[in-house]
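Enquirer: Let me give you the structure first, and then I'll get to my questions.
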DNA sequence: CAGATAATTAATAGAGCTATTAAATAAATA
DNA sequence: TATTTATTTAATAGCTCTATTAATTATCTG
């Protein structure tokens, strides 16, 4: 209200500004707790403008996240840098997975939150995730079985191994607000902490499946 | 409307019925997505009745969860069955932790969800969690350091070890809707799955810190 | 049974939210 | 510059939700 000029200077493309702000707010509070009114307030524009550009709150959300959800999940699959050494395969899966998450630290929470609180609306995405996970598992399964047969890795299903990686990589991000509070972390400190934790995750996942000798 | 008698027979104590139903709905959808209207509908009573007994939605929520949040967290601390053997200490911590979670499978999601989407409202609870975690960590710290010094456990902070346990125990519950969908689990199958996974979690946590010899 | 108290409901105020519409303003174009 | 088109706003309809109130019905108690 006070400063139209400031807004103009900043925006130049209001549509994009709305997208930027909306992404932040959705990631911060989830779909249900986010109102178009609040997005407008943060952008500094009229609430109707959001509907002018995106018709509905749902379309805005979809524009931002539909692709992102799927690409986020499938990014894990794509990272199959084959290596002679199974240990290195595991390591590279964990690391590229961690890398993707660190670029979208709030996305895991959003996905889980939306799937949980509104499963019907996200059935389509859930279906895609299902496919992606399926192909990831079959991709790693043969290699894993070989290692088990060779006695280098203990008996474990590829799904359990997959869950170990997901759990250890994702949990800290999902519980980020709690962890930050418990440890008095600023945002930067939290990022530092997750970086340090990467090695911890690998040691745990690998130590949890390897048989003796090759732990280090 | 159609059957007052049926309702009377079932309820006998409507206040308690409201509490039961409300707990289910809150756990299912979170605070924001739950309306007193829906609770009333599921109970089969008038919406005003909920306010008659509990004044506000917030009071109802607090009555159900304030204690539960804290006791849930602190339950982990209390389970310090001292053992001569550190491996057994770790095992008993993991197992009692898993046991508590399996009795409140949706609570972890609710806690994280409310802390994330409305941190201000839950600052008090977050504070209590902080204290609890603090005492848990200091409780295990000396023992852990002894093991490391003795060369039986690799170098690891008690917080990292704590996070490993939390991550592996909690993630499957937090992501339950997704996991159930990906694997086509019914509720019973999911429960069975988590039971089987308990041993997996121990093997991973312990294998992730122990040094060689004592893996089995 | 009568009167009092408790439980329940219908009705509705009031707030916030999404989405639409019509009017106003800015930008583009001929 | 005049006219058309795009952007932005104010106003508001319509919905859902929380909470309150007043009236109704059931239960208890002397």
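Residue numbers (the working numbering), protein chains in the order written: chain B, 19 to 234; chain H, 19 to 234.
Every residue, glycine too, gets a C-beta built ideally from N, C-alpha and C.
By the 10 Å Cβ neighbour count, where 16 or more other Cβ atoms means buried, how is residue 138 of chain B classified, buried or exposed?
Expert: exposed
Enquirer: Which residue spans inside the region 54 to 115 of chain H form an unbroken alpha helix (DSSP H) run of at least 4?
Expert: Assignment of alpha helix (DSSP H) within the region 54 to 115 of chain H, counting only whole runs of 4 or more residues, yields 54 to 61, 65 to 72, 75 to 96 in chain order.
Enquirer: Where does residue 219 of chain B fall in DSSP's three states?
Expert: If DSSP states are grouped into helix, strand and coil, residue 219 of chain B belongs with the helices.
Enquirer: By DSSP's criteria, residue 171 of chain H is part of a beta bridge. Which residues make up the other side?
Expert: Per the DSSP secondary-structure output, residue 171 of chain H pairs in a beta bridge with H:228.
Enquirer: Could you say which of B:49, B:124, B:157 lies nearest to residue 100 of chain B if we only look at CA atoms?
Expert: Residue 100 of chain B has its Cα closest to that of B:157, out of B:49, B:124, B:157.
Enquirer: Around the Cβ of residue 61 of chain H, are there at least 16 other Cβ atoms within 10 angstroms (buried) or fewer (exposed)?
Expert: buried
Enquirer: Could you list the residues in the region 136 to 149 of chain B with a C-beta less than 7 Å from some C-beta on chain H, going in chain order?
Expert: 137, 144, 147, 148
Enquirer: Taking 8 Å as the line, does the beta carbon of residue 208 of chain H fall inside it for any heavy atom of the ligand ADP?
Expert: The ligand ADP is not part of the structure shown, which contains no ligands of any sort.
Enquirer: Sort H:88, H:52, H:70, H:226 by Cα distance to residue 171 of chain H and report the nearest one.
Expert: H:226
Enquirer: For a cutoff of 9 Å on Cβ pairs, would you count residue 215 of chain H as touching chain B?
Expert: It does; some Cβ of chain B falls within 9 Å.
Enquirer: If you run the structure through DSSP and keep just helix, strand and coil, what is residue 123 of chain B?
Expert: Three-state DSSP puts residue 123 of chain B in coil, outside helix and strand.
Enquirer: Rank B:38, B:229, B:40, B:44 by C-alpha distance to the C-alpha of residue 131 of chain B and give the top, closest one.
Expert: Nearest C-alpha to residue 131 of chain B among B:38, B:229, B:40, B:44: B:44.
Enquirer: Answer with yes or no whether the minimum CB distance from residue 50 of chain H to chain B is below 9 Å.
Expert: yes
Enquirer: Once the 5 residues before and after residue 48 of chain B are set aside, which same chain residues still bring their CB inside 6 Å of it?
Expert: Correct list, in chain order: 131.
Enquirer: So which of B:204, B:83, B:114 has the shortest CA-CA distance to residue 93 of chain B?
Expert: B:114
Enquirer: Which residues mark the beginning and the end of the alpha helix (DSSP H) in which residue 43 of chain H is found?
Expert: Annotation for residue 43 of chain H: the continuous alpha helix (DSSP H) segment containing it runs 32 to 51.
Enquirer: Does DSSP classify residue 195 of chain H as helix, strand or coil?
Expert: helix
Enquirer: Out of H:58, H:90, H:91, which one is the CA nearest neighbour of residue 78 of chain H?
Expert: H:58
Enquirer: According to DSSP, is residue 138 of chain B part of a helix, a strand, or is it coil?
Expert: coil
Enquirer: Of all Cβ atoms in chain B, is any one closer than 9 Å to the Cβ of residue 11 of chain H?
Expert: What the structure shows of chain H is the stretch from 19 to 234, and residue 11 of chain H is not part of that stretch, so it cannot be assessed.
Enquirer: Apart from the five residues on each side of it in sequence, which residues of its chain come closer than 7 Å, Cβ to Cβ, to residue 204 of chain H?
Expert: none
Enquirer: According to DSSP, is residue 153 of chain H part of a helix, a strand, or is it coil?
Expert: Correct three-state label for residue 153 of chain H: helix.
Enquirer: Sort H:135, H:87, H:70, H:209 by Cα distance to residue 41 of chain H and report the nearest one.
Expert: H:87
Enquirer: Are there three or more Cβ pairs, one per stretch, closer than 8 Å when the region 63 to 73 of chain H is compared with the region 105 to 124 of chain H?
Expert: no
Enquirer: Taking residue 122 of chain H as the reference, give the member of H:217, H:151, H:46 with the closest Cα.
Expert: H:46
Enquirer: With distances taken between CB atoms, is the gap from residue 90 of chain H to residue 129 of chain H smaller than 9 Å?
Expert: yes
Enquirer: Determine the direct distance from the alpha carbon of residue 188 of chain H to that of residue 75 of chain B, and round the result to whole angstroms.
Expert: 32 Å
Enquirer: Cβ atoms of residue 184 of chain B and residue 222 of chain B: under 9 Å apart, would you say?
Expert: no
Enquirer: According to DSSP, is residue 176 of chain H helix, strand or coil?
Expert: helix
Enquirer: Do residue 190 of chain B and residue 177 of chain B have their CB atoms nearer than 9 Å?
Expert: no
Enquirer: Residue 193 of chain B touches chain H at which residues, Cβ-Cβ below 7 Å?
Expert: 130
Enquirer: Going by the beta-carbon positions, is the gap between residue 219 of chain H and residue 180 of chain H smaller than 9 Å?
Expert: no
Enquirer: For the region 216 to 230 of chain H, list every residue whose C-beta sits within 9 Å of some C-beta in chain B, in sequence order.
Expert: Listed by position along the chain: 218, 219, 221, 222, 223, 224, 225, 226, 227, 228, 229, 230.
Enquirer: From the DSSP output, in three-state form, read off residue 204 of chain H for me.
Expert: Residue 204 of chain H: coil per DSSP, three-state reduction.
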